[in-house]
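**Q** First residue of the sequence shown: 1, per the numbering used here; consecutive thereafter.
Backbone N, C-alpha and C fix where the C-beta goes; we use that ideal spot for every residue, glycine too.
Below is one structure. I have some questions about it.
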Amino acid sequence: MSTAPVTPHASAPAVRLRVPTDEDALTWHRVFDDPRVMEFFGGRSAELSSYEELTARQRRHDAELGYCLWTVTDEEDTVLGFTGAQPWPHTHYGPVGATEIGWRLGPAAWGRGYATAAARTTLERLRAAEVGEVVAMVHSRNARSMAVAERLGMRRAESYPTPRGQEAVCFRLEL
1 MSTAPVTPHA SAPAVRLRVP TDEDALTWHR VFDDPRVMEF FGGRSAELSS
51 YEELTARQRR HDAELGYCLW TVTDEEDTVL GFTGAQPWPH THYGPVGATE
101 IGWRLGPAAW GRGYATAAAR TTLERLRAAE VGEVVAMVHS RNARSMAVAE
151 RLGMRRAESY PTPRGQEAVC FRLEL
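The structure is reproduced here in structure tokens:
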């Protein structure tokens, strides 16, 4: 997968998307080790082993499907977080069988257009992989992520209760 900078829109920041490496597990752990980042993911930082498993799974997805949750870097190759797509990972709730687009960036990247730019690049790659539709599952109180979904042209669809007793809004987009 190319790591050349991509600027999908003239006013968007340049981003690079690459398949996550073993080293990215530690970097994601460090970048996401912030209660603000984890607010809608249980509120606590995940263990390093969770990110080791996640990056390994994403490498498998990329090899098998041609897409994954890619590591996002800026022009200086600083890791900002991840953006990409994967099969919806749960079998007991949510849009089972769907392809989920998602993004998670560290606070240093917030409010600068990186999530939207990287997600637009993801949509281009998913179209090239002939994915027909994507969903984004967003915590009902996560206004920033809802705004990204809306900027991508996604439409608000159904809602689901999560295993933690919260509400997740499902956004959908036909490709």
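If you draw a straight line from the alpha carbon of Ala14 to that of Leu126, how long is it in whole angstroms?
**A** So the two alpha carbons sit approximately 19 Å from each other.
**Q** Inspect the CB distances between the segment 71 to 85 and the segment 106 to 126 and report whether three or more fall short of 8 Å.
**A** Enough Cβ pairs lie closer than 8 Å, so yes.
**Q** What's the gap between the Cα of Phe40 and the Cα of Glu75?
**A** If you take the alpha carbons of Phe40 and Glu75, they lie about 28 Å apart.
**Q** Check whether the segment 132 to 141 and the segment 92 to 109 touch, using three or more Cβ-Cβ pairs below 8 Å as the test.
**A** The segment 132 to 141 vs the segment 92 to 109: in contact.
**Q** Please return the same chain residues whose Cβ sits closer than 6 Å to the Cβ of Thr182, not counting the five positions on each side in sequence.
**A** This structure gives no information on residue 182, because the portion of the chain shown stretches from 1 to 175.
**Q** Which class does Tyr179 belong to by DSSP, given the choice of helix, strand or coil?
**A** A query on residue 179 cannot be resolved here, the shown segment of the chain reaching from 1 to 175 and no further.
**Q** Alpha carbon to alpha carbon, how far is Ala168 from Asn142? Give it in angstroms, no decimals.
**A** So the two alpha carbons sit approximately 9 Å from each other.
**Q** Nearest to Pro163 by CA position, among Thr71, Thr55, Gly42, is which residue?
**A** Considering only alpha carbons, the answer is Gly42.
**Q** If you compare alpha carbons, which of Thr21, Gly111, Gln166, Pro87 is closest to Ala12?
**A** Out of Thr21, Gly111, Gln166, Pro87, Gly111 has the C-alpha closest to the C-alpha of Ala12.
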